[in-house]
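Using my numbering, the letters of the sequence shown correspond one by one to residues 4 to 386.
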Amino acid sequence: MLAVVAGIGSVLGGRWELVAPVGGGGMGTVWRARDRQGGDDVAVKLMAKHVRGLASFEERFSREAIACESVRHPNVVSVLGHGTTDENEPYLVLELLEGESLGWRIERTPPPMAREAIGWIVDALAGLEAVHAAGIVHRDLKPDNLFLANAPGGRTRVKLLDFGISRMTAAPPMGRAAQWDSLTRSGEMLGTPVYMAPEQGTNAHHVDHRADLFSVGAILYETLAGRAPFEGANVGEILLAVSADDPEPLHERVPAIGSEVSAVVARALAKSPDDRWPDARAMREALEIALRSVPADASCGFVIGSARMPQIHPQRARDEESKKTVRSEPPPGGRELPEDAGEVFGTETDRPPPSRRTMLAVALAMLGALAIFVAYVVLGGDP
């Protein structure tokens, strides 16, 4: 039977026994749990009380469950179950991942070797092929949603996370059509400005798989160069840059990477979807070929031991909200459990926020025209 109160020792769905809380985010708490049937450890996401009942957050939980159940691939996080407790707490059961997000990794020193980092993106694209083949557009790919999971033999397995604002472009799974249609039509969830394709800014509900390829290009650029391809003093400037500016060629920022990888990234970052790679497979295969030209000793372009180090990610300190998922509905603030940078469970991988954060007004830019949207103000709780 379902647990009356979700806490240590509670059993969800007669199967998942909560062992210990291991992290949290704006949507809820992540627990380590044990599968009473198989004996394996799993991750359980429980929705926070202060967001329960808000349609957009409950829809995000449902959307993630439906999307992940539609895709079975080694490079996509697996949803093992979902439901609600007796107290109406929605929960998701996911495979337990131990390691760190790419977002954490690119902020640590020493930087990864370039060939290794490119290999991570190749694996991510393999997972994205399966996602797109299932008729799903992720819409929020970013370093925090690419997880570098520990695998046997000291290897790393990349996992795509957080399908909470994904879009279904094909027929949804049998029996889920009405539910998915409701989710698709409601809410105004957009994406993460730094990695968002130009067309996603004003037409997020109708973007196709090529918007995800733009995001992958932005992630790869940032991973290799140590800074994002599009920058600005605030969210509006970043979105305008995404819409109107061409980034400095990657091989000029990081000469050791070479022009072949740079060309793959440049095509992914094309303003028009028609000028990008046609699909994830084509981009993956081109990147695999380009990878052969990268010297084994080439590292990603971080500046180590220099006073210029803070300039590597100029927006991370003063404009971190540009790398958070943007929605039109204000998510409430609240207290969060600290996350371990080296061991993250489930899919709550956003980095811990400062104790109090003000989200600035969000400006949306599209093809030379800047449409202003008043977004939201969030005052976070003390970490």
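Yeah, the Cβ is synthetic: ideal placement off N, Cα and C, and Gly gets one too.
Predicted model, so just to flag it, every value in this text is computed and none were measured.
**Study point:** Stretch pair the segment 161–175 + the segment 115–128: three plus CB contacts closer than 8 Å
**Key:** Yes, they touch.
Practice item. Quick one: measure Cβ to Cβ for Glu67 and Gly138, integer angstroms, because I've assumed they're closer than 8 Å. Key: Locating residue 67 in the sequence shown gives position 64, where the first residue counts as 1. Locating residue 138 in the sequence shown gives position 135, where the first residue counts as 1. The Cβ separation is near 16 Å, so there is no contact.
Review point. How long is the line joining the alpha carbons of Ala266 and Leu294, rounded to whole angstroms?
Key: Stepping through the sequence shown from its first residue, residue 266 is reached at position 263. Stepping through the sequence shown from its first residue, residue 294 is reached at position 291. Ala266 and Leu294: Cα-Cα distance of roughly 12 Å.
**Study point:** Which listed residue (Arg270, Gly17, Leu95) has its alpha carbon closest to that of Gly31
**Key:** The count along the sequence shown starts at 1 and reaches residue 31 at position 28. When only C-alpha atoms are compared, the closest one is Leu95.
Practice item. Taking all protein chains shown into account, decide if Glu251 is buried (16 or more other Cβ within 10 angstroms of its Cβ) or exposed. Key: Position 248 of the sequence shown, counting from 1, holds the residue named residue 251. Under this definition Glu251 is an exposed residue.
**Study point:** Alpha carbon of Tyr198 to alpha carbon of Asn206, nearest angstrom
**Key:** The residue given as residue 198 occupies position 195 in the sequence shown. The residue given as residue 206 occupies position 203 in the sequence shown. Distance between the alpha carbons of Tyr198 and Asn206: 15 Å.
Exercise for review: Kindly confirm or deny that the segment 80–96 and the segment 105–121 touch, where touching means at least three C-beta pairs closer than 8 Å.
Suggested key: no
Check your understanding: Taking all protein chains shown into account, do 16 or more other C-beta atoms lie within 10 angstroms of the C-beta of Glu278, making it buried, or fewer, making it exposed?
Key -> Translated into the one-based positions of the sequence shown, residue 278 becomes position 275. Contrary to the premise, residue 278 reads as Asp rather than Glu in this sequence. Asp278 comes out exposed.
Practice item. Counting only the same chain and skipping the five closest in sequence on each side, list residues whose C-beta sits under 7 Å from that of Pro93. Key: Residue mapping note: residue 93 aligns to position 90 of the sequence shown, counting from 1. Listed in chain order, the non-local C-beta contacts of Pro93 below 7 Å within the same chain comprise Met50, Glu61, Phe64, Thr87, local neighbours out to five positions each way being set aside.
Check your understanding: Got a sec, what are the start and stop residues for the beta strand (DSSP E) Arg37 sits in?
Key -> Position 34 of the sequence shown, counted from the start, is the residue given in the question as residue 37. Here the beta strand (DSSP E) through Arg37 covers 31–38.
Practice item. Please classify Ala285: does DSSP put it in a helix, a strand, or coil? Key: On the sequence shown, residue 285 is found 282 positions in, with the first residue counted as 1. It is helical.
Check your understanding: Tell me the DSSP bridge mates of Trp19?
Key -> Stepping through the sequence shown from its first residue, residue 19 is reached at position 16. Trp19 is bridged to Leu15, Asp38.
Check your understanding: When burial is assigned at 16 or more other CB atoms within 10 Å of the CB, is Asn91 buried or exposed?
Key -> On the sequence shown, position 88 is the one that residue 91 refers to. Counting Cβ neighbours within 10 Å, Asn91 comes out exposed, since fewer than 16 surround it.
Exercise for review: State the Cα-Cα distance for the pair Tyr224 and Arg170, rounded to the nearest angstrom.
Suggested key: One-based indexing of the sequence shown puts residue 224 at position 221. One-based indexing of the sequence shown puts residue 170 at position 167. About 25 Å.
**Study point:** Whole-angstrom distance between Pro201 and Ala244, CA atom to CA atom
**Key:** By 1-based counting over the sequence shown, the position of residue 244 is 241. By 1-based counting over the sequence shown, the position of residue 201 is 198. Spanning the two alpha carbons is a distance of roughly 9 Å.
Practice item. Just the C-alpha distance for Ser73 and Arg39, rounded to the nearest angstrom, thanks. Key: Residue mapping note: residue 73 aligns to position 70 of the sequence shown, counting from 1. Residue mapping note: residue 39 aligns to position 36 of the sequence shown, counting from 1. Approximately 24 Å between the Cα atoms of the pair.
Practice item. Pick helix, strand or coil for Asp277, following the three-state DSSP scheme. Key: Taking the first residue of the sequence shown as position 1, residue 277 is located at position 274. It is helical.
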